[in-house]
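Asker: Mind looking over this structure? Questions follow.
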Amino acid sequence: MTKVFEKTKMLTDVPFHYCPGCTHGIAHRLVAECIEELGMCDKAVGIAPVGCAVFAYKYFNCDMYEASHGRAPSVATGAKRVHPENLVFTYQGDGDLASMGTAEIVHAAARGENISVIFINNAIYGMTGGQMAPTSIMGQVTTTSPYGRKKELNGMPVKMSEMLAVLDGSYYIERCSLHDVANIRKAKAAIKKAFRYQMEGKGFSMVELLSTCPTNWGMTPVKACEWLKENMIPYYPLGVKKEGSTL
């Protein structure tokens, strides 16, 4: 019998702890497949965040650090500078990257650190109970915005990809989505490109992945994917925000 599919060896056999319908599992697999396909299995170093993906170190079959909340880019900077031959990536949610770690990610990009960042944007704090995140969209109902996010009370959502793209130190920034098969394939291509650019020494790259949180959104997995497509993508348009140096 011809084998047409097999699990990437860059994921362990530990069952994911994520809620049903959560797209973290998809993102994990894409990252793992890209590492294996690029031949970097023995050179990969990942940085796990604080948040829903706090146990990422259990799932990726490579060396992993656990960073303090928001500090993954700084840990990655140290790892890459000490071992520049390694493929170093951070895996961060919107609370970790866009709130607690805003300064860390901005200055890592500004310095042009030769690392790759995988940014999971599900527009909500998942691990701590569904509070409003910096990326929660206007009108979005969360536990801390029960009447919906309002500009006069909460300000506007932060578009991290657009913000980092204007920094001279960043090299490659792209936003993708995980709501259907076609976009999942595009997301994998973007992740692989970010890793390849790092291997070529191009500098800072980030791939933002629009993701679902059915549990805290209060939706079925299918409805969550539809909600992402209809509500998140209009505010967070997909595509390459920057590719190449501005210097």
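Here numbering that gives the first Met the number 0 is used: the first residue of the sequence shown is 0, the next is one more, and so on.
Glycine residues also receive a C-beta, built at the ideal position from the N, C-alpha and C atoms.
In this text, all values refer to a predicted model and were calculated from it rather than measured experimentally.
(1) Check Arg174 in the structure and name its three-state DSSP category.
(2) I want to know whether the stretch 74-89 touches the stretch 49-57 - three or more CB-CB distances under 8 angstroms.
(3) Going residue by residue through the stretch 150-213, where are the continuous beta strand (DSSP E) segments of at least 3 residues, counting only ones entirely within it?
(4) Once DSSP output is grouped into helix, strand and coil, what is the label at Lys42?
(5) Per DSSP, Ile119 forms a beta bridge with which residues?
(6) For Val116 versus Met9, is the C-beta distance shorter than 7 angstroms?
(7) What first and last residue would you give for the alpha helix (DSSP H) that runs through Gly100?
(8) Within 10 angstroms of the Cβ of Val180, are there 16 or more other Cβ atoms? Answer buried if so, exposed if not.
(9) List the endpoints of the continuous beta strand (DSSP E) containing Lys6.
(10) How big is the Cα-Cα spacing for Val174 and Gly129?
(11) Rounded to whole angstroms, how far is the Cβ of Thr211 from the Cβ of Ala223, which I believe are closer than 8 angstroms?
(12) What does the alpha-carbon distance come out to for the pair His106 and Gly45?
(13) By DSSP, does Gly77 sit in helix, in strand, or in coil?
(14) Where does Glu112 sit, in a helix, a strand or coil, going by DSSP?
(15) In the DSSP assignment, find the unbroken alpha helix (DSSP H) run with Lys241 in it and report its ends.
(16) Comparing C-alpha positions only, which one of Trp216, Ser244 and His178 sits nearest to Ile232?
(17) If you count every other CB in all the chains shown that lies within 10 Å of the CB of Ala97, and 16 or more means buried, which is it?
(18) Which of the three DSSP states is assigned to Ala248 in this structure?
(19) Alpha carbon to alpha carbon, how far is Gly38 from Lys191?
(20) Check for me: the alpha helix (DSSP H) holding Glu229 runs from which residue to which?
(21) Roughly how many whole angstroms lie between the Cα atoms of Glu65 and Ala189?
(22) Name the residue from Leu209, Gly202 and Gly138 whose alpha carbon lies nearest to the alpha carbon of Phe88.
(23) Taking 7 angstroms as the CB-CB cut-off, is His16 touching chain D?
(24) Would you kindly work out how many angstroms separate the C-alpha atoms of Asn60 and Asp12, rounded to a whole number?
(25) How close, in whole Å, do the beta carbons of Gly94 and Ala122 come, if the pair is a contact with beta carbons under 8 angstroms?
(26) Among all the DSSP beta bridges, which residues are the ones paired with Thr141?
Answerer: Checking against the coordinates, here is how it stands:
(1) strand
(2) No, the stretch 74-89 does not touch the stretch 49-57.
(3) 169-176 and 203-209
(4) Judged by DSSP in its simplified three-state form, Lys42 adopts coil rather than helix or strand.
(5) Gly92 and Leu208
(6) no
(7) Run containing Gly100: none; DSSP gives neither H nor E here.
(8) Counting Cβ neighbours within 10 Å, Val180 comes out exposed, since fewer than 16 surround it.
(9) No beta strand (DSSP E) holds Lys6; DSSP gives it neither H nor E.
(10) Going by the sequence as given, residue 174 is Arg instead of Val. Each residue's alpha carbon lies about 23 angstroms from the other.
(11) Right, the Cβ-Cβ distance comes to about 4 angstroms (below 8 angstroms), so this counts as a contact.
(12) Take the alpha-carbon of His106 and the one of Gly45: they are about 19 angstroms apart.
(13) helix
(14) coil
(15) Careful: Lys241 lies outside any alpha helix (DSSP H), inside the beta strand (DSSP E) at Gly238 to Glu242.
(16) His178
(17) buried
(18) Any question about residue 248 goes unanswered here, given that the chain covers just 0 to 246.
(19) 11 angstroms
(20) Here Glu229 belongs to no alpha helix (DSSP H), and DSSP marks it neither H nor E.
(21) 24 angstroms
(22) Gly202
(23) Within the model displayed, chain D is absent; a lone protein chain is all it includes.
(24) Rounded to the nearest whole angstrom, the C-alpha separation of Asn60 and Asp12 is 9 angstroms.
(25) With a Cβ gap of about 10 angstroms, Gly94 and Ala122 do not count as contacting.
(26) Ser144
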